[in-house]
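Enquirer:
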Amino acid sequence: MAEINKISVPFVPIGGTNVQRPAGPVVPQTTPFHSFDQVLSAELSEVKFSAHALQRLESRNLSVSPDVLQRLNKAVELAQQKGARESLVMVNSIAFIVNIPNKTVVTAVPQDANQVFTNIDSAVFA
5 MAEINKISVP FVPIGGTNVQ RPAGPVVPQT TPFHSFDQVL SAELSEVKFS
55 AHALQRLESR NLSVSPDVLQ RLNKAVELAQ QKGARESLVM VNSIAFIVNI
105 PNKTVVTAVP QDANQVFTNI DSAVFA
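Be aware that the sequence shown starts at 5, since it is given in the numbering used here, and climbs by one per residue.
Spelled out as structure tokens, the structure:
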């Protein structure tokens, strides 16, 4: 067997040996603990936007404020409780077509557009 040579290297902190330590006890910063269930339910409760919906929002110069998003989420929850599958959700002057089981906005249209919506089973005014 080959002999292993051990080399001892003294520990020297980066920046030299004169490390300044804070006065008093060091209190670690804590972050709020969220269980996997909490994180998962928070993620699943939020409405998502399909690539098509994002393109429509951009091309039609429609903006979704935090208030609109909150009202949209609440409307989707209500539609889900009623067993809806494809809903027209009106928030302010924007019509959203939402796939309720997936909580995904499929498209968005301004109120003044002359549109006919088919293949929906419910409408929610938020």
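Even for Gly, the Cβ is constructed at its ideal location relative to N, Cα and C. Remember, predicted model here, so these are calculated numbers, not experimental data.
For the pair the stretch 72-92 and the stretch 53-63, tell me if three or more CB-CB distances fall below 8 Å.
Expert: No, because fewer than three Cβ pairs between the stretch 72-92 and the stretch 53-63 fall closer than 8 Å, the two stretches do not touch.
Enquirer: Less than 8 Å between the CB atoms is what I'm expecting for A99 and Q115, so what's the real figure, rounded?
Expert: Sure, about 6 Å apart at Cβ, within 8 Å.
Enquirer: Whole angstroms is fine: what's the gap from E90's alpha carbon to N118's?
Expert: Answer to the nearest angstrom: the Cα atoms are 20 Å apart.
Enquirer: Assuming L110 and S54 make a contact with CB atoms under 8 Å, what is their CB distance in whole Å?
Expert: The residue asked about is misnamed: residue 110 is Val in this sequence, not Leu. So it is a contact: roughly 6 Å between Cβ atoms.
Enquirer: For V95, which option in N65, V113, H56, S39 has the closest C-alpha, if you only look at C-alpha atoms?
Expert: Nearest C-alpha to V95: V113.
Enquirer: Do you know offhand how far V102's Cα is from K86's?
Expert: V102 and K86: Cα-Cα distance of roughly 14 Å.
Enquirer: Please report the straight-line C-alpha distance between N65 and S97, rounded to a whole angstrom.
Expert: Whole-angstrom Cα-Cα distance: 12 Å.
Enquirer: Please state whether DSSP places A3 in a helix, a strand or coil.
Expert: Because residue 3 is not part of the residues shown, which for the chain are 5 to 130, the question remains open.
Enquirer: E62 by DSSP, collapsed to three states: which one?
Expert: In the structure shown, E62 sits in a helix (DSSP, three-state: H, G or I).
Enquirer: If you reduce the DSSP assignment to three classes, tell me which class A79 lands in.
Expert: DSSP places A79 in helix when its eight states are reduced to three.
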